[in-house]
Amino acid sequence: MNPIAISIGSNVIYYSGIVIGLAVAACFCISYSLYTTYAGNGRALWVMLPFAVFFSVFLCRLLHWYCHAEQYSGLIGALTDYSAGGYVLPGAIFGTWLAAVLVKALGFTDSVHRLLDAVAPGAALGIAFIRLSSLFNNSCRAKIAIDDPKLQHLPLAAPVYTNSGSDYRFATFFVQFLIMLAVFVWLYRFCCDRRGHPMKGSIPEDGHVARLFLLVHSAVELIMDSTRYDSSYMHFNGFVSIVQMVAALCILGVFIYYSVWSVRTNGRKAYHFALWGVWFLSLVGVGLSEYFVQRHGDWYMKCYAVMALSVIVMCAAVFRMYRSCCEPRKRRA
-18 MNPIAISIGS NVIYYSGIVI GLAVAACFCI SYSLYTTYAG NGRALWVMLP FAVFFSVFLC
42 RLLHWYCHAE QYSGLIGALT DYSAGGYVLP GAIFGTWLAA VLVKALGFTD SVHRLLDAVA
102 PGAALGIAFI RLSSLFNNSC RAKIAIDDPK LQHLPLAAPV YTNSGSDYRF ATFFVQFLIM
162 LAVFVWLYRF CCDRRGHPMK GSIPEDGHVA RLFLLVHSAV ELIMDSTRYD SSYMHFNGFV
222 SIVQMVAALC ILGVFIYYSV WSVRTNGRKA YHFALWGVWF LSLVGVGLSE YFVQRHGDWY
282 MKCYAVMALS VIVMCAAVFR MYRSCCEPRK RRA
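Numbering (my numbering), first residue to last: -18 to 314.
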């Protein structure tokens, strides 16, 4: 069910489509403001926008077709008819990166990393709005049923309509909307404050806002995608969803990046081994939580509490490794 906002003849505009349009506009406005303030000419964002939308929609749809081919008449139908089916969000990450690389190749920016730093806070706000659009359709398909009438309302629960009626389930996308809204505020402030945190030695100054966006967004997806019963899986793996796989790889990639630079700049210290150990243990906590939550439906609260704590510790370890690459902040006199 997808309520119609505007209907003119055979042309129909849905409420969810309007919210997604607002998401793209919000992302562009925030990114444009940050880029023109701290980095360069706004033409780079105008050139990047159509490519980012095209690549993102194409890749998100392609991934969804791969995971849910039974929902489409074929590949061509999946890429040409957007009235049905769905999307796999990690495609937007690769699509935006491809667009930034193309803008660099066309000569509109001299740094892909600096461009992505400006885009990252806006992307967090855009994702928040995209998740909010689920309130206007029936796509928030959490597998956690909410039976207590006192909790059967936002922000914890939302109705899911079926042929036999409706039931209340955990409002996965609305909760993610709230979390990503908080992430946007943090990233925006972090982007503005980055100039007060110069990097040590020869560590590049650009790209850190984008990497920390990847870190935090991936951490959120790692948990939220686990709560859905319609997650997308690779053909060879039915245990960990493709969203969780990409999220885990992004977190690992950011951790390796800062680990390499920290060791190269500071030398191998005891805290490096401590952070590596903490990160590995938190990864084990996430993996075990996912294993048990899929086999014990009555352990949801315990498993997701452990998973959330593990993910927070994992992000804290990565952020601490990042801070070890920064010059100490000078105290004000």
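Note that beta-carbon positions come from the ideal geometry of N, C-alpha and C, so glycine has one too.
Can you give the Cα-Cα distance for residue i and residue j, rounded to whole angstroms?
{"i": "residue 180", "j": "residue 307", "result": "4 Å"}
{"i": "residue 243", "j": "residue 200", "result": "22 Å"}
{"i": "residue 215", "j": "residue 206", "result": "14 Å"}
{"i": "residue 54", "j": "residue 178", "result": "52 Å"}
{"i": "residue 314", "j": "residue 176", "result": "Low local confidence applies: a pLDDT of 42 at residue 314 is under 50, so the model's placement there is unreliable, and no value is given."}
{"i": "residue 208", "j": "residue 150", "result": "10 Å"}
{"i": "residue 231", "j": "residue 219", "result": "20 Å"}
{"i": "residue 30", "j": "residue 8", "result": "10 Å"}
{"i": "residue 36", "j": "residue 21", "result": "23 Å"}
{"i": "residue -11", "j": "residue -2", "result": "15 Å"}
{"i": "residue 288", "j": "residue 95", "result": "33 Å"}
{"i": "residue 301", "j": "residue 148", "result": "43 Å"}
{"i": "residue 249", "j": "residue 193", "result": "23 Å"}
{"i": "residue 169", "j": "residue 190", "result": "9 Å"}
{"i": "residue 235", "j": "residue 228", "result": "11 Å"}
{"i": "residue 161", "j": "residue 233", "result": "21 Å"}
{"i": "residue 130", "j": "residue 253", "result": "48 Å"}
{"i": "residue 63", "j": "residue 142", "result": "22 Å"}
{"i": "residue 286", "j": "residue 5", "result": "33 Å"}
{"i": "residue 58", "j": "residue 67", "result": "13 Å"}
{"i": "residue 271", "j": "residue 217", "result": "18 Å"}
{"i": "residue 140", "j": "residue 167", "result": "31 Å"}
Which residue marks the beginning of the alpha helix (DSSP H) containing residue i, and which one marks its end?
{"i": "residue 295", "result": "281 to 304"}
{"i": "residue 202", "result": "189 to 205"}
{"i": "residue 217", "result": "Per DSSP, residue 217 belongs to no alpha helix (DSSP H) and is neither H nor E."}
{"i": "residue 209", "result": "Residue 209 -> no alpha helix (DSSP H), and no H or E assigned at all."}
{"i": "residue 94", "result": "93 to 113"}
Excluding the five sequence neighbours on either side, which residues of its own chain have a C-beta within less than 8 Å of the C-beta of residue i, listed in chain order?
{"i": "residue 1", "result": "110, 111 and 114"}
Please return the same chain residues whose Cβ sits closer than 7 Å to the Cβ of residue i, not counting the five positions on each side in sequence.
{"i": "residue 273", "result": "280 and 284"}
{"i": "residue 3", "result": "110"}
{"i": "residue 33", "result": "76, 77 and 80"}
{"i": "residue 56", "result": "46"}
{"i": "residue 106", "result": "7, 8, 11 and 165"}
{"i": "residue 184", "result": "242, 246 and 306"}
{"i": "residue 259", "result": "294 and 298"}
{"i": "residue 296", "result": "196, 197 and 200"}
{"i": "residue 90", "result": "21, 25, 84 and 96"}
{"i": "residue 224", "result": "69, 70, 71, 202, 206, 212 and 213"}
{"i": "residue 92", "result": "187"}
{"i": "residue 132", "result": "138"}
{"i": "residue 256", "result": "298, 301 and 302"}
{"i": "residue 122", "result": "141, 209, 210 and 211"}
{"i": "residue 159", "result": "136"}
With a threshold of 6 Å on Cβ separation, who are the neighbours of residue i within its own chain once the five nearest residues in sequence on each side are excluded?
{"i": "residue 221", "result": "none"}
{"i": "residue 108", "result": "161"}
Just checking: is the beta-carbon of residue i within a distance shorter than 7 Å of some beta-carbon in chain B?
{"i": "residue 166", "result": "Absent from the structure is chain B; it holds one protein chain and no more."}
Practice task
Tell me the start and end of each unbroken alpha helix (DSSP H) in the segment 220 to 250 that is at least 4 residues and wholly inside, in chain order.
Solution key: Within the segment 220 to 250, the complete alpha helix (DSSP H) runs of at least 4 residues are 223 to 247.
Exercise for the section: Assess, as a yes-or-no matter, whether the segment 261 to 268 is touched by the segment 281 to 292 under the definition of 3 or more beta carbon pairs within less than 8 Å. Expected result: Yes, they touch.
Exercise for the section: Would you check if the segment 154 to 162 and the segment 133 to 140 touch, i.e. whether three or more CB-CB distances between them fall below 8 Å? Expected result: Three or more Cβ pairs drawn from the segment 133 to 140 and the segment 154 to 162 lie within less than 8 Å of each other, which places the two stretches in contact.
Problem - Length at least 4, wholly inside the segment -10 to 42: the alpha helix (DSSP H) runs in chain order - result: Positions of the alpha helix (DSSP H) runs, each at least 4 residues long and wholly inside the segment -10 to 42, are given as -4 to 19 in order along the chain.
Exercise for the section: Entirely within the segment 39 to 89 and at least 4 residues each: give me those alpha helix (DSSP H) ranges in chain order. Expected result: With a minimum length of 4 residues, the continuous alpha helix (DSSP H) runs that stay inside the segment 39 to 89 are 56 to 61 and 71 to 86.
Exercise for the section: For the segment 131 to 182, list the alpha helix (DSSP H) runs that are entirely contained and at least 4 residues long, ordered along the chain. Expected result: The segment 131 to 182 is shown to contain whole alpha helix (DSSP H) runs of 4 or more residues at 153 to 174, in chain order.
Handout entry: Sufficient close CB pairs (3 or more, under 8 Å) joining the segment 95 to 111 to the segment 14 to 21
Key = By the Cβ rule, the segment 95 to 111 counts as touching the segment 14 to 21, because three or more pairs are nearer than 8 Å.
Problem - the segment 37 to 56 in contact with the segment 186 to 205 per 3-pair CB rule at 8 Å - result: Touching, no.
Exercise for the section: Count the C-beta pairs between the segment 65 to 80 and the segment 31 to 47 that are closer than 8 Å, then say yes if the count reaches three, no if not. Expected result: The segment 65 to 80 makes contact with the segment 31 to 47; the number of CB pairs closer than 8 Å reaches 3 or more.
Handout entry: the segment 76 to 84 / the segment 18 to 36 touching (three or more Cβ pairs under 8 Å)
Key = Under the Cβ criterion (8 Å, minimum of three pairs), the segment 76 to 84 counts as touching the segment 18 to 36.
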